[in-house]
Structure formats: structure tokens, C-alpha cells
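Engineer: Those protein sequences? They're chains U and S, same order as listed. Mapped onto this note's numbering, the consecutive letters of the first sequence carry residue numbers 1 to 694. Mapped onto this note's numbering, the consecutive letters of the second sequence carry residue numbers 1001 to 1292. Glycine residues also receive a C-beta, built at the ideal position from the N, C-alpha and C atoms.
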Amino acid sequence: MGWNWFGPVATTRWVFSAKLGRYGLVPQQHLGLVSILAAVLVGVLILAFILVAFRDLGRLRTGISRAWAIGRTAFTEAWSARIWAIYIIWLGLVLILAFTMVRGYGPADEMRMYLTIFLRGQVVLLLLYLGILACMALPRERERRTLITTGSKPISRLELLLGKVLGLSTAALVLVLAMMVTTWGFMTLVNAKIRHDAGVLYAMQKRSYDQLVRHVPPEPGLRYLARHGVLQASNNLRGRLRIAGLISYATNPPQRELKGGSAEKLLFQFPSLPATWQPQAPPLFIFHLPPFSLLKRQVPKKTIIHVTLTANDNPLHRKHKVLTLNADGDAVWQPSNPYKFFSFVDPRNGRVYDPGPVTVGVTCPTLGDYLLVGNGRTAASAACKAWNMDPNRVPGHLSFVLPQPDPRIFGFMKSKHQTWQEIAGATTAQKNIPPEVASMEFRHLQASQVPIDHDGNFTVDLLLGVNKHFNEAAPAKALIRAYAVDNPRHPVQRLIRVEEKHVTTLKLPATLLDGSSLIINLQSAVPGLWIKLRSNSITLARPPSPFIANLGKSELIIFCETVLLISIGVAAGTCLGWPVALLVTAVCYLLGSILEFIHRMFDQISQGFSFFHGGEHAAWSAHLGWLIRAVMVRTLYFLVHVVPDFTRFDPTRFIVQSVNMPWAFLGWNLLWTVIFVLPTLALGYLLLRRQELA
Amino acid sequence: MVAPAQAIQTRQLTKIYPGFWKSQKVPALLQLNLQVQQGEIFGLLGPNGSGKTTTIKLLLGLINPTAGEAQVMGRPAGDQETRRRIGYLPEESYLYRFLNARQTLDFYGRLFNMNRVQRRRAVDYYLDFVGLDPAVRGRRIGTYSKGQTRRVALAQALLNNPDLIIMDEPTSGLDPVGILEIKNMILRLKQAGKTVLLSTHQLADVEDVCDRLVILYRGRVEMSGALSDLLERRDVFQLEARQVSPELQERLVALTRESGATDVQIIRPRARLEDLFKRLVDAKRQTERAGK
Ligand SMILES: Nc1ncnc2c1ncn2[C@@H]1O[C@H](COP(=O)(O)OP(=O)(O)OP(=O)(O)O)[C@@H](O)[C@H]1O
Ligand SMILES: [Mg+2]
Chain U
1 MGWNWFGPVA TTRWVFSAKL GRYGLVPQQH LGLVSILAAV LVGVLILAFI
51 LVAFRDLGRL RTGISRAWAI GRTAFTEAWS ARIWAIYIIW LGLVLILAFT
101 MVRGYGPADE MRMYLTIFLR GQVVLLLLYL GILACMALPR ERERRTLITT
151 GSKPISRLEL LLGKVLGLST AALVLVLAMM VTTWGFMTLV NAKIRHDAGV
201 LYAMQKRSYD QLVRHVPPEP GLRYLARHGV LQASNNLRGR LRIAGLISYA
251 TNPPQRELKG GSAEKLLFQF PSLPATWQPQ APPLFIFHLP PFSLLKRQVP
301 KKTIIHVTLT ANDNPLHRKH KVLTLNADGD AVWQPSNPYK FFSFVDPRNG
351 RVYDPGPVTV GVTCPTLGDY LLVGNGRTAA SAACKAWNMD PNRVPGHLSF
401 VLPQPDPRIF GFMKSKHQTW QEIAGATTAQ KNIPPEVASM EFRHLQASQV
451 PIDHDGNFTV DLLLGVNKHF NEAAPAKALI RAYAVDNPRH PVQRLIRVEE
501 KHVTTLKLPA TLLDGSSLII NLQSAVPGLW IKLRSNSITL ARPPSPFIAN
551 LGKSELIIFC ETVLLISIGV AAGTCLGWPV ALLVTAVCYL LGSILEFIHR
601 MFDQISQGFS FFHGGEHAAW SAHLGWLIRA VMVRTLYFLV HVVPDFTRFD
651 PTRFIVQSVN MPWAFLGWNL LWTVIFVLPT LALGYLLLRR QELA
Chain S
1001 MVAPAQAIQT RQLTKIYPGF WKSQKVPALL QLNLQVQQGE IFGLLGPNGS
1051 GKTTTIKLLL GLINPTAGEA QVMGRPAGDQ ETRRRIGYLP EESYLYRFLN
1101 ARQTLDFYGR LFNMNRVQRR RAVDYYLDFV GLDPAVRGRR IGTYSKGQTR
1151 RVALAQALLN NPDLIIMDEP TSGLDPVGIL EIKNMILRLK QAGKTVLLST
1201 HQLADVEDVC DRLVILYRGR VEMSGALSDL LERRDVFQLE ARQVSPELQE
1251 RLVALTRESG ATDVQIIRPR ARLEDLFKRL VDAKRQTERA GK
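1) Please report the distance separating the alpha-carbon of V1281(S) from that of R1102(S).
2) Could you check what DSSP says for L398(U) in three-state terms: helix, strand or coil?
3) Which one or two residues does DSSP pair with A479(U) in a beta bridge?
4) Taking only the alpha-carbon atoms, compute the straight-line gap between Q607(U) and T116(U) and give it to the nearest angstrom.
5) Does chain U have any CB closer than 7 Å to the CB of L1044(S)?
6) Flag I117(U) as yes if its beta-carbon sits less than 7 Å from any beta-carbon of chain S, otherwise no.
7) Could you name the residues of the same chain whose beta carbon sits closer than 7 Å to that of F676(U), not counting the 5 residues immediately before and after it, in chain order?
8) Along chain S, which residues have their Cβ under 8 Å away from the Cβ of E77(U)?
9) Within 7 Å of any Cβ in chain S, is that where the Cβ of G221(U) sits?
10) Reducing DSSP to helix, strand and coil, say where F612(U) ends up.
11) Out of M632(U), I548(U), L590(U), T635(U), point me to the one whose CA is closest to Q232(U)'s CA.
12) Looking at the C-beta of P291(U), does it have a partner C-beta in chain S at a distance below 7 Å?
13) With distances taken between CB atoms, is the gap from P302(U) to T363(U) smaller than 7 Å?
14) Using a Cβ-Cβ cut-off of 7 Å, state whether H417(U) counts as contacting chain S.
15) Need the endpoints of the beta strand (DSSP E) that I1267(S) sits in, please.
16) Let me confirm a value: W620(U) is counted as buried when at least 16 other C-beta atoms fall within 10 Å, else exposed. Which label applies?
17) Using Cβ-Cβ distances below 7 Å, what residues of the region 165-180 of chain U are close to chain S?
18) How would you list, in chain order, the residues of chain U whose beta-carbon sits under 9 Å from the beta-carbon of E1207(S)?
19) Nearer than 6 Å: is that true of the beta carbon of K1052(S) relative to any heavy atom of ligand 1?
20) I155(U) lies in the alpha helix (DSSP H); which residues open and close that run?
21) State the Cα-Cα distance for the pair I46(U) and W668(U), rounded to the nearest angstrom.
22) Nearest to A476(U) by alpha carbon, out of L201(U), R497(U), S448(U)?
23) Using a C-beta cutoff of 7 Å, does R66(U) count as contacting chain S?
24) Taking the alpha helix (DSSP H) that P579(U) belongs to, which residues open and close that run?
25) I need the DSSP call for E596(U), collapsed to helix, strand or coil.
26) Residues of the region 1104-1116 of chain S with a CB closer than 8 Å to any CB of chain U: list them in chain order, please.
27) Using DSSP with H/G/I as helix, E/B as strand and the rest coil, what is C560(U)?
28) Check distances from the C-beta atoms of the region 1013-1027 of chain S to those of chain U and list, in chain order, the residues that come in under 9 Å.
29) Can you find a CB in chain U that lies within less than 7 Å of the CB of I1063(S)?
30) Report the residues of the region 128-146 of chain U with a CB closer than 8 Å to any CB of chain S, ordered along the chain.
31) Just how far apart, CA to CA, sit L639(U) and L591(U)?
32) Taking the beta carbon of F1020(S) as the centre, do at least 16 other beta carbons fall within 10 Å, making it buried, or is it exposed?
33) For ligand 1, is there a heavy atom less than 6 Å away from the beta-carbon of A1028(S)?
34) For R1289(S), collect the residues of the same chain with a Cβ closer than 8 Å to its Cβ; drop the 5 residues on either side in sequence, then sort them by chain order.
35) Does DSSP classify P488(U) as helix, strand or coil?
36) Please confirm whether K1057(S) has its beta-carbon closer than 7 Å to some beta-carbon of chain U.
Below you can see the structure in the form of C-alpha cells.
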């Protein structure tokens, strides 16, 4: 789940691995272990906090009916505050928007817009109104002094707190259900029209494509709409996407960096020494990875990289080392005891073997640090050089530099917000640089998991973009190689045309599905053409499911988000007056909504960071500015990690694309809600526990 | 004979409301030692701001004491289980404005874990008991008159058939008939063996019902003891009789003066307005009922 899995834990991990490691407070070999331990410790502390807060939970067995009584009253209060008006306002608003804004769009976009208006409208109104009610729940009772009467009855404070949350959540549930039924009714009404329009449009597109008036093939989404209407949601299978390949063209700026704290890994292949090498000339690796810190907007004094040396024939045979890069990005590593590593002595007969080629892998653990990776075409740009690693060198002759082979960044810069990422095609100038490869892995795929048509094929959907960096005239073509992991010798190859952001459908034989993992590799087939893709760009089609179920899932997510906000509001109201509680809740929501923005900001700034080099010669005032900025950025970063990430709740993400929401997505959202509702309630309870009610 | 158990016992109970500065601190109650036996009616008296309501809130655990301790029914004040056996009538009727009388009592019944049948029976019984006009029972409490609200608040305090009833100015806002009814009710509660803690400014009420009382002044106990001990004037003698001729009166006065008594005077007792009012309202209600 990456860095932002659970705010406080992830932040602790980050602080430990980035800060303590950089200033040498923790021995570098133990850094990973220590940071994981710290994260676990924080997790345990949070759990303990929850347990302590809910210690009185045992008594709740008879209290749940009392909590529910308070909930009923809170519900009645909400109702008498005319909460149903929200439904009327929502209905009026979305109908006005729907009938004024949705005009003259294609049927697919029409459906998308209707659903977006209907669902987004729900989110906005529900959060706004129930947030306010939640913040006022306890303060208003305190102001009207009804807490004095209620507090003299045999209730505990926990029941009081839970009751308020329960009551308002019930109100939210009633509203959500009413809105869901309305939305479903509306979509049913417009279904016939959308189907009809989609059918007409698809036929038109198909005719003009068949006659080659237009080069764009008809949109499969339209055909889907024409056949099934909006009352179905398509399903698909997703795999794990990785990109492996060279870094970039040395001549042209869009350079690729290794992103610190991400899953990206830099790989270098080296031939090994011959079995009879001389121990007096041990191998030596020289790294040159100019670092840049986005948080400080300057070159960091020290940057850490994790280096592994692996024998290709025997992946268990490996060495690990943590190195510190200086400000220029230089570091040197001479593996200890190299003789044992580079020559393998068979204990049975004493023969010395050459272990084969070795791979050097580099990762950077510090989030916010980026390492510039040169492609090694010139000696200065080489990211990794090795001394004494040439198998053909004359024994005893020491100084021999082997320039790096093609470096490769392996991994997919996976981020939640789905930015497009590019894979480079072959160069037009230097034909010997191979294109990058995007590799999608579908784990343990059975033939029964996907529908097979009459010809024994299953369907792959590709959603790709193109970037004609160096070759404007070239046709956009991509090469697909699909194979089962157990049987890599018999790949299926296809050459497809890439239509910018259109779904391309591909048929592949079901013989590929043998229960092992299915790999689909994608690369640019044309020199100078870069292909853009996201982590869900390659999917396998599955039978559709009913629209109402999908709508229900979206509504459930809206409900979860509302419940989370209600808990925050009620907890804030335990010790604050309602205006301040409202402010706190709003700030929580705002901070929780910019996590995505902050991540995206880091990613985007990174693309032009080479302009900020040269921080060492700046005036002290500039340094002070950087320091203040760094502190503020980190504080913000910490805060957005501590508050719940509201961008996770995205009810429109799947449904507007007619895609069924995966159960896993729903499950994670439910879990996420629980993960944050519990500590919020615990905090609220701790604040309320010893408070005076009168 | 077993000594009656203590319903309420406080030891050096002190409440100083916090303020931002020292000068803002309010010493509302200072070192109160209070013993209320089970089955007695206890009066809590004092001028405005003397700490009566503060004492009651401390006993209910609604606020936390600054020092000292309080025990109610043998458990520390504010204990959740003890509150099952306590009925509390706040000094103003703090009820939910958006509920009607039935819903209100139903809600509090739920807080006492009563089941549906028990609740329905108790709600109707106590609304009749406090004499709430049946016509208003379905309306929201926000629309009630002060006395009607007060009656609902009273019903709420009796709902769980409590062993200890704490009433903070129970008669405020009630009509004289209501006041009389309350006084009778308190006496009936005593007969049923309940303990009543009463805070009030209506000294007449205290006089009529209380067994013992304390008088607070600025958070301190100024006087305490049994009502009879405190009020009995042993040096004064009063004689009451009907149909006494003026001559006999003169002779009685003269006789008294002769025997050495001082400050002899004749007082003509008047019927109390309270009785007059009650007779009037009762008659009206009688005719109303007959008319229906
Ligand atoms: N929440 C509070 N914060 C600060 N001071 C308070 C608070 N509540 C009460 N007081 C003060 O404590 C003192 C005692 O108040 P309390 O309500 O106990 O008086 P009382 O005897 O019930 O008076 P009354 O007859 O007017 O009801 C008063 O001076 C009052 O101003
Ligand atoms: Mg008072």
C-alpha cells in the first residue's frame, strides 16, 4: 500500500529512515529494522490508546441499548432540524444541474456527468450538513443544559458519545438510501435514451472507420452502452505493473530520476571476474548519482542509498551495503571479502567456479530525495563504474575501468492518483539502445476467471497514451508480448495501433492461462515514440455485474466518509464550543483532502529540479529561508499524514466509467474508515471522560 | 434496632469553580459535611448563590469536587449503578424541546433499560400522576408553558421509582395547586420510605414537609438540625377555639396577664390564600368534568 498506508505509522517510518539515518544516529546496517520497529511501536501505542480509551467497553453490553436511545433522540433532533430538507435541496440542485449542464455531450459522457453530479452533490451536501450537526451535537446539549438531566441518568460518557455518532450516522444512512433510490430511478429513466444515442453514435463511428474517413476506431465503451445501457457495470482483472528499462536519452532533457522512498530500483549488470582472478586486485564500485532534496530545494549534504550485489545465477548469494553519497553524489564501495563472493569454491572437489554475471541494485530510502541517473554514454554521466571487473583483463594489471552497462530502473512509480507514466521507445539516433518495457503481471490466473469466447480467446483492454517526442511522423504502434511464466518460450506477439486514451481491445488465446502468472509485456514498436500508461492501463475483461450493486457500493463509500466526518465532529465537540469544533473539523477535512495534492506536487516539482542546484554558494539568508521552508513542509507533511486521507473515499472513481468497483477497494475503504473512526472516538472519549457536564 | 443507613454522606466536600486568574475563582461550596438518613425529608436552604445547586450537582457526579468526598447510597457520588436509584429534578426543566412529553419520558425510560411494556405503563402513569393536561402530551415540549414543562420534568424524576429523590426548587413555576400537590406527594414519598433531598426558597414548603435541614451561606453551613428543634418556641403559648364570646376573651386575657405572662395579644387567624385558591380551582375542575 506504499507510504501513505496509515499516516502516523508511515510518518514515523519516514522520520526514522530519513532523519536518524542521515545524521548517523542509528547504525546504518540496522536502519531498516529500526524504522520498522519504530513504526510497529507507534502502531502499538495507537492500539494501546484505543484500548485504554475503550476500557469501559466491557460495561457497554447493557449500555448499547442506552447508546441507541441517545442515538434515537439525536436522530429525532436531526429530523426536527429539518434534515430531510437536504434531500429536497439535493434533488433540486442535481436536477437543475443535470438539465442545464448535460446538453450536447455524447451518451457516454452524459452518463458520466449525470452520475458525477448526482454523487458529488450527495457528498458535498451530506458532509456539510452532517458535519455541522455533528459539531453541534454535544455543545448544543451543553448550552441548553439538557446534559444535566440526561447526565443524571445511569449512562456512561462512552454511551453518550457513541449515541451521538450512531444517531447522526442513522440520519446519514436514511438520506443516503433515499438519494440512492432516487439516483437509480433517474438512471433507469435516462437509460433508454442513452442506449439509443450510444447505438446511433457507435454505428456512425463504425461506418466512418470502415470507410476510413476517420482513423479512430469506434469506441468500445459506446458499444457497451448501446448493448447494456447504464444498468450494468463492467468488471475487469488488474495485475501488477512494472517498468524496466534504460534511463533516458543522454542528449535530451526529460531525464528520469530515481525517486527516494518509492519502489523504484536501479539495476546494473556486470560480467563477473574469471574464476582465476587475483585477490590482490579486488573489484571496486564507483557510484555517481547527483542527489537533490525537494524538501530543502537544494543538494543535501548526505544522501543514503541501499546497494545490493547479487549473483545472477544464485539470487540467494548476495551482499548488502548502505552507502552515503556526498553532495556531488559520489560514493565508493569495495565489497568486503570479495574473493568468497566472486569465486565459488565447491567444497567437494575444491574447484573454483566463476559465479557468472552479477547485478548491482540501488534504491534510495529517503522520501523527498531524488537521484539523477546518467545513462553512461559518456564517462562523466555513468551512474556506476566498476574497477577490476573485466574478465578479459590481464591478471595482475590493476587499473582498469569498466563503464557501466545499460542502467535500468525497475518498478513502477506507483501512486494512488494515477499519473501517466512514460516508457521510452528506441532512439532514432542510436539504434543500439533498446526500448523500455512495461510488464503487467496477473498472478495465478486460471482460465475460469475470465470469459473465453467461441474462438478460444479472452479479451485484454488497453488504455494507453502516446508521446511522439522524437518522431512526430511515426505511426503510433506498440508491441505486445504475452506469455505464461511457466512457459516463456512460447510468447504470443501482437502489433497494435495505439489510439490516444481510447480503449484498445485485444484477443489473446486462452492457452496462455495455465494457472501460473500471465505476463503481458508492452513496448513501443517505433523508434522515437514514447507510450504513456498508468497502473490500470492493461486489464482483462470479465462478465458485467448489475448497476444497482455498483451504485450501492458507491453509496456505501459516501456513507463511510460521512460517518468518519461525523465522528470527527462529535469528538471535536466534546471539549470545544461548536464554532471552534466546526473549524477543527473543517481543517481536518481540508488537510485530509490535500494529501494527494501534496504527493502530486512533489512528483511534479521533481521533473524540473535540476534548476535548483548550487545551494552551497547561496547567502545565509537563503539558507535560513530553506530551513524555514523545510520545517514548514515537514510539518505540513506530518499533519496531512496524521489526519485521515479523505481523498481515499472516491465514490465516482469506478461507476462513472461503467466499471464495477472491486470488492477489495470497498474493503480497504471500510477498513480505512474503522482505522480512523476508532482512534477519533477514543480521543473524544478520553476528552469527555472526566469532563463536567454542568 | 438497626441505625438507619445513610442515604447521603459528604466529608469536607468543597467545590471551587476554576477561573483563569485567581481572582476569578468561585468558592461555591466549602467543606460541607452532610448526613442524610434514609427515609427522611431533608431541606437545603440558603440565599441565592449559596451553593445549593452546586451541592446537588456534586452528589450526582455532574461536576467533580475540588476536595473532599461524597457518598450516595453507600457508593461514591456519580456511580453509574447508583444513578439507577436516584431521581433528579433540576432547578430549571432542562428537557429536549423537540420531543413531546411521551417521547421524553420514553427516552428516559430507555436510559433506565425499561422494556417497552414497562415504559408505556410508566409514561402514562407518571404523566397522570403529575397532572399534565392530556391535551398537550402530544405536543413538542418547546411549546409548553413553564408549569407544564415543570410537570414533565417532575415525571422524569419519578420515572424509575427512585429510592432517593433530589429536587432543586421543585415548586418554581407551579401554580398553588401544583405546589400543594407536590407537598402532598413529598409526604407520600416519605411514607413509602423514600429519601428526599429538597432545595428551595419557599420556606413554607420546608416548614410543612421537612424533617431536617441545613442553611447554607456563601458555601458554608450556617445552621443545621431537626426542623422541630429549630423552630419550636418554648416560651410562647397559643390557644385556638371557635365560638368564643368577647367577654370570655377579655377574661382570658386578663387571667393571663394576672398570672405574670408578658406580650399577651389576641390574633385572629385568617384562612390561607392557598386554601382559597385550591377550593376555587377544584370547584372549576369539578364543573368542567361534569360538563364533559
Ligand atoms: N459553572 C460555574 N462557574 C463559576 N461559578 C459558578 C458556576 N456555577 C455556579 N457558580 C457560582 O457558585 C455559587 C453557587 O452557585 P449555586 O448555583 O450552587 O447557588 P444556589 O445556592 O443554587 O443559588 P440559587 O438559589 O440562586 O439557585 C454562585 O456564586 C455561582 O455564581
Ligand atoms: Mg440553585
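Structural biologist: To lay it out plainly:
1) If I take the Cα positions, the gap works out to 26 Å.
2) Confidence at L398(U) is low in this model, with a pLDDT of 39, below 50, so its placement is unreliable and the value that follows should be read with caution. DSSP, reduced to helix, strand and coil, places L398(U) outside both helices and strands of the structure shown, so it counts as coil.
3) Just to set this straight, residue 479(U) is Leu in the shown sequence, not Ala. DSSP output for L479(U) lists L495(U), Q523(U) as bridge partner(s).
4) Annotation note: pLDDT 48 at Q607(U) (below 50); position unreliable, no value reported.
5) By this cut-off, L1044(S) is not an interface position.
6) Look at I117(U): its C-beta is not under 7 Å from any C-beta on chain S.
7) Result list for F676(U): L564, P644, in chain order.
8) For E77(U), the residues of chain S that pass the 8 Å Cβ criterion are Y1096, F1098, in the order they occur in the chain.
9) No, because no Cβ of chain S sits closer than 7 Å to the Cβ of G221(U).
10) In this prediction, F612(U) scores a pLDDT of 46, lower than 50, which makes its location untrustworthy; the coordinate-derived value is nonetheless stated afterwards. Per DSSP, reduced to three states, the secondary structure at F612(U) is helical.
11) Minimum Cα-Cα distance from Q232(U) among the listed residues M632(U), I548(U), L590(U), T635(U) corresponds to I548(U).
12) Cβ-Cβ to chain S under 7 Å: no for P291(U).
13) Note on identity: in this sequence residue 302(U) is Lys, with Pro being the wrong assignment. Between K302(U) and T363(U), the C-beta spacing is not below 7 Å.
14) A caution first: H417(U) carries a pLDDT of 48, below 50, which makes its placement in the model too unreliable to give a value.
15) For I1267(S), no beta strand (DSSP E) segment is defined, and its DSSP state is neither H nor E.
16) Burial is judged here by how many other beta carbons sit within 10 angstroms of a residue's own beta carbon; W620(U) has fewer than 16 and is exposed.
17) Answer set for the region 165-180 of chain U: empty.
18) Listed along chain U, no residue sits closer than 9 Å to E1207(S) by beta-carbon distance, the nearest being about 28 Å off.
19) Taken from the Cβ of K1052(S), at least one heavy atom of ligand 1 lies inside 6 Å.
20) Note, I155(U): premise wrong, no alpha helix (DSSP H); not H, not E.
21) So the two alpha carbons sit approximately 19 Å from each other.
22) A476(U) has its Cα closest to that of R497(U), out of L201(U), R497(U), S448(U).
23) So yes, R66(U) belongs to the interface.
24) 578-593 is the extent of the alpha helix (DSSP H) around P579(U).
25) In the displayed model, E596(U) falls within a helix according to three-state DSSP.
26) Of all residues in the region 1104-1116 of chain S, F1107, Y1108, R1110, L1111, F1112, N1113 have a Cβ within less than 8 Å of some Cβ in chain U.
27) DSSP places C560(U) in helix when its eight states are reduced to three.
28) For the region 1013-1027 of chain S, the beta-carbon criterion of a distance under 9 Å to any beta-carbon of chain U is satisfied by none of its residues.
29) Closer than 7 Å: yes.
30) If the cut-off is 8 Å between Cβ atoms, the region 128-146 of chain U has R144, R145, T146 near chain S.
31) Cα to Cα, L639(U) sits roughly 7 Å from L591(U).
32) It is exposed - the Cβ of F1020(S) has fewer than 16 other Cβ atoms within 10 Å.
33) With a threshold of 6 Å, the Cβ atom of A1028(S) counts as near ligand 1, since some heavy atom of the ligand is closer than that.
34) If the five residues before and after R1289(S) are omitted, its C-beta is found closer than 8 Å to no C-beta atom of its own chain.
35) P488(U) falls in the strand class under three-state DSSP.
36) Judged by the 7 Å Cβ criterion, K1057(S) is in contact with chain U.
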